[in-house]
Amino acid sequence: MSHALQILAEQEALSLTEKNKRKDQSQRRPRVHEKIQQYFKGMLDGQISPILRLKINRSLCNFHCAHCCEEPYMTRDLKKRIGTLDPRPQMGLEEYRELSRQADEYGIFRFVLTGGEALLDKNLDKLIEVLDPMKHLIILDTNGWTFDEDKAKWFAGLGGYKAQISLDSMIEEEHDSFRGKKGSYKRVLRALDAAKKANLELLISTCVVKDRVFSDEFESLCEYCKVEEIPLYVTLAKPVGTAREQDTWVCTKKDVDHLKYLENKYNIFTHMSPSYGQPGRCITVKGINTVNHDGEIVPCPYMDLSIGNVTKEPLSLILDRGMKNSWLGPYRDECIIGEHKDFIRFHNSSVADYWKVSPLLPVPYEHGFGRTRAVDE
Amino acid sequence: MYFNEIGRRIPGEGMRLFGKEPSNYYKLTQPKLDYQKILDRCKRFNVSPAGLTVVDFKSRAEALVDKLNANPAYANLLKGVHIPFVFQRIGSEADLGSNLENTLLSNLQESFTACYPEAHFKAVLQSNSKLPGNITLDKDSRYQGFIDASQGAAVVGWYFPQALQEYDVRSQREQMASLPELKGANICLSGGMDISAALIGSPDLLISDEHYTPIVCLSAYVHADPRLVLLLKAYGPHMEFWCMTNMLTKDATQVSEQWAGGITVFG
Numbered sequence: 001m002s003h004a005l006q007i008l009a010e011q012e013a014l015s016l017t018e019k020n021k022r023k024d025q026s027q028r029r030p031r032v033h034e035k036i037q038q039y040f041k042g043m044l045d046g047q048i049s050p051i052l053r054l055k056i057n058r059s060l061c062n063f064h065c066a067h068c069c070e071e072p073y074m075t076r077d078l079k080k081r082i083g084t085l086d087p088r089p090q091m092g093l094e095e096y097r098e099l100s101r102q103a104d105e106y107g108i109f110r111f112v113l114t115g116g117e118a119l120l121d122k123n124l125d126k127l128i129e130v131l132d133p134m135k136h137l138i139i140l141d142t143n144g145w146t147f148d149e150d151k152a153k154w155f156a157g158l159g160g161y162k163a164q165i166s167l168d169s170m171i172e173e174e175h176d177s178f179r180g181k182k183g184s185y186k187r188v189l190r191a192l193d194a195a196k197k198a199n200l201e202l203l204i205s206t207c208v209v210k211d212r213v214f215s216d217e218f219e220s221l222c223e224y225c226k227v228e229e230i231p232l233y234v235t236l237a238k239p240v241g242t243a244r245e246q247d248t249w250v251c252t253k254k255d256v257d258h259l260k261y262l263e264n265k266y267n268i269f270t271h272m273s274p275s276y277g278q279p280g281r282c283i284t285v286k287g288i289n290t291v292n293h294d295g296e297i298v299p300c301p302y303m304d305l306s307i308g309n310v311t312k313e314p315l316s317l318i319l320d321r322g323m324k325n326s327w328l329g330p331y332r333d334e335c336i337i338g339e340h341k342d343f344i345r346f347h348n349s350s351v352a353d354y355w356k357v358s359p360l361l362p363v364p365y366e367h368g369f370g371r372t373r374a375v376d377e
Numbered sequence: 001m002y003f004n005e006i007g008r009r010i011p012g013e014g015m016r017l018f019g020k021e022p023s024n025y026y027k028l029t030q031p032k033l034d035y036q037k038i039l040d041r042c043k044r045f046n047v048s049p050a051g052l053t054v055v056d057f058k059s060r061a062e063a064l065v066d067k068l069n070a071n072p073a074y075a076n077l078l079k080g081v082h083i084p085f086v087f088q089r090i091g092s093e094a095d096l097g098s099n100l101e102n103t104l105l106s107n108l109q110e111s112f113t114a115c116y117p118e119a120h121f122k123a124v125l126q127s128n129s130k131l132p133g134n135i136t137l138d139k140d141s142r143y144q145g146f147i148d149a150s151q152g153a154a155v156v157g158w159y160f161p162q163a164l165q166e167y168d169v170r171s172q173r174e175q176m177a178s179l180p181e182l183k184g185a186n187i188c189l190s191g192g193m194d195i196s197a198a199l200i201g202s203p204d205l206l207i208s209d210e211h212y213t214p215i216v217c218l219s220a221y222v223h224a225d226p227r228l229v230l231l232l233k234a235y236g237p238h239m240e241f242w243c244m245t246n247m248l249t250k251d252a253t254q255v256s257e258q259w260a261g262g263i264t265v266f267g
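Sequences listed follow chains A and B, in order. Letter by letter, the first sequence follows residues 1 to 377 of the working numbering. Letter by letter, the second sequence follows residues 1 to 267 of the working numbering.
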């Protein structure tokens, strides 16, 4: 049987929904639209436009999830480990305003607000204002606990663009147990409904451990998202944070390949799915970077190693340094922190070595990535 | 000696590679060769003349292996993964880009999806780039010899997909200038026709449940936009063609552990 070859250029590769969203941005947020267009033009020159994921409020959280990669950053964990608070300053509003300015100049157009639980930050409205929702898409990560209709309307009213709500199992007891919070599953369903009513863009975020993608439960989550027309963002459990000792959770290539197969069947994606005209690949530096509460930039949501501090150096310099690191910049298909055993070993031993010197994460550049090879070295 | 113990080209002066020591993270498995199956696919998906027999295909392929084995400069090439193929140009499509888009990739898609009906094959041209009218041959590639030989006659050859793994694309091309001629056979940098034919015959080459496989570069083909390169890659269970940027940053080109230029030997 003959099938026509799909030749997908940038425009043709966009779904109708995505095209409509872009059209909408051109009217509602012209500067965002302009940056997206510039990114497509600059892509061939090596331009990148990564998401900046802001871990705010010292990663404060009201949950105790089994797979949390943030626990070592939280005050409650530091108190337990060393009996004192984190002495490093939390970035202030003016520093975030400056970060927004530098990001805009660089061509970046997406900020994710995360924690911990970002909604616990009492200054969230002021933060959104200084980040400037007309220049950047403001995306909120939430566990949904307090995200009711009023909160969703409040976030949309501030210029918020999207809510990313975590749901780790379609089985209520399983989700609540994984998240360490009874009643959480029901609140997630409420939060999804609230986000829809507030006309926010929406996705469900779910974490998979080894073999979950082959389960009936996971298939039922995919089906649910299909019926509800909610994109499902899948993250791989990483052997970091609370899960540092959980080697058995690490997904294999079979898990990841199955997800790639399911991408054709359902509206699901991972951080490595082809998007914005780029092939599926590891997105360290080029696709997403985390900004710790003190300004340290970590080139992936799940790593604990920094590539520089944005309160001390320009953002552009830090990102360029990251792109020239041999682990982070060059093209590679696999998720290095989720799948590459050599990298995981290097990462976790760097953390263990640094913890002998300091209890504070992330590991500064000179103690981690600074010890690895740059491209052309 | 031009190739090392795993069949990779030993880098010469000025070559730019990802690492000094070759890595084995992205790997291919040498398949058990089934000449009949390969020939059947090449015929079914329009890259082999119907009249070629398996006896002829096999004996011509094995004769090339004998020539490589007999040549100390080239014998190590056989220590790397190698795939036999047959290719004959059919029709009069002179433009390389049109031929790639309209004929070769379509044939490859047919072969791949026949082998993996639940997987996809797709081609993506980054930033609305075009193939027709935009592809020429690299001056050092010796690829014109392959095209001439395959016009109206069946070429039998071997594709060595990892011979130039970790080389940047410029170095994949430049190293050809220092490769000696191969007595009794021909050699070229791999490009669109030979790689397509090899993957049509062996559509499972880049697919693995166990490990990540290299991304193969069609480096004999040069896009008019010097920032663009042509690649074939697995995406999990799927196969994809990409015409995409070669720029790592605004001032440096890509150099990847996963990208692999190939060498093709044909007779």
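All residues carry an ideal CB built from backbone N, CA and C; glycine is no exception.
Item	Value
Counted within 10 angstroms of its Cβ, other Cβ atoms place B:Lys233 as buried (16 or more) or exposed	buried
CB contact check: A:Ser2 to chain B, cutoff 8 Å	Residue placement at A:Ser2 is poorly supported in this model, since its pLDDT is 46, which falls under 50; the coordinates are not used for a value here.
Inter-residue Cα distance where the pair is A:Met1 and B:Asn46	Reliability fails at A:Met1, whose pLDDT of 40 lies under 50, so the model's placement of it is uncertain and the value that follows must be treated cautiously. When rounded, the distance between both Cα atoms is 14 Å.
Residues of the segment 97-126 of chain B whose Cβ lies closer than 8 Å to any Cβ of chain A, in chain order	Glu101, Leu105, Ser106, Gln109, Glu110, Thr113, Glu118, Ala119, His120, Phe121, Lys122, Ala123, Val124, Leu125, Gln126
Anticipated Cβ contact below 8 Å, A:Asp294 with A:Pro50, distance rounded	Their Cβ separation, rounded to whole angstroms, is 19 Å, which puts A:Asp294 and A:Pro50 out of contact at 8 Å.
For B:Gln162 and B:His211, the rounded distance between their alpha carbons	15 Å
Buried or exposed by the 16-neighbour rule on C-beta atoms within 10 Å, applied to A:Arg371	exposed
Any chain A beta carbon closer than 8 Å to B:Ser141	no
Cross-strand partners of B:Cys243 (DSSP beta bridge)	B:Leu125, B:Leu230
B:Asp251 versus A:Tyr39, A:Ile297, A:Gln47, residue with shortest Cα-Cα distance	A:Gln47
Reduced DSSP secondary structure (H/G/I, E/B, other) of B:Val317	Any property of residue 317 of chain B remains undetermined from this structure, which presents chain B solely from 1 to 267.
Partners in chain A for B:Val255, counting only beta-carbon separations shorter than 8 Å	Pro330, Val375, Asp376
Whole beta strand (DSSP E) elements within the segment 234-290 of chain A, 3-residue minimum	268-270
Local conformation of B:Asp194 per DSSP, three classes	helix
Expected contact under 8 Å - CB spacing of B:Thr245 and B:Gln126 to nearest Å	6 Å
Element boundaries [alpha helix (DSSP H), containing A:Cys222]	216-228
Cβ-based burial, A:Thr248 [other Cβ within 10 Å; buried from 16]	exposed
Exposed unless 16 or more other CB atoms sit within 10 angstroms - verdict on A:Arg110	buried
Contact list for B:Leu248 against chain A, beta-carbon separation under 9 Å	Gly46, Met323, Lys324, Gly329, Pro330, Tyr331, Val375
Residue range of the unbroken alpha helix (DSSP H) whose run includes B:Leu182	From DSSP, B:Leu182 is part of no alpha helix (DSSP H); its letter is neither H nor E.
Rounded straight-line distance, which links the Cα of B:Glu62 to that of B:Leu78	12 Å
Spatially closest choice to A:Ser350 from A:Ile138, A:Thr75, A:Pro364, by CA coordinates	A:Pro364
Proximal residues to A:Ile165 (C-beta, below 8 Å), its chain only, five neighbours per side dropped	Thr142, Asn143, Gly144, Phe147, Val188, Ala191, Leu192, Ala195, Leu202, Leu203, Ile204, Ser205
Under 8 Å between C-beta atoms of B:Thr253 and B:Asp138	no
Three-state secondary structure (DSSP) of A:Asn457	Outside the shown range of chain A (1 to 377) lies residue 457 of chain A, about which nothing can therefore be said.
Own chain, CB closer than 6 Å to A:Thr235, minus 5 neighbours either side, in chain order	Cys207
Cβ shell of A:Val130 (< 6 Å), same chain only, five flanking positions each side left out	Leu93, Tyr96, Arg97
Cβ-Cβ distance between B:Gly80 and B:Gly191 below 8 Å	no
Check whether B:Phe57 and B:Val86 have beta carbons under 8 Å apart	yes
Listed by chain order, chain A residues near B:Gln258 by CB distance under 7 Å	Tyr331, Arg332, Asp333
Every unbroken beta strand (DSSP E) within the segment 86-151 of chain A, with a cutoff of 3 residues, ordered by chain	110-114, 137-142
Selected residue, minimal CA-CA separation from B:Leu131, among B:Ser256, B:Asp225, B:Ser171	B:Asp225
Nearest to A:Gly160 (by Cα), restricted to the options A:Lys356, A:Leu85, A:Leu124	A:Leu124
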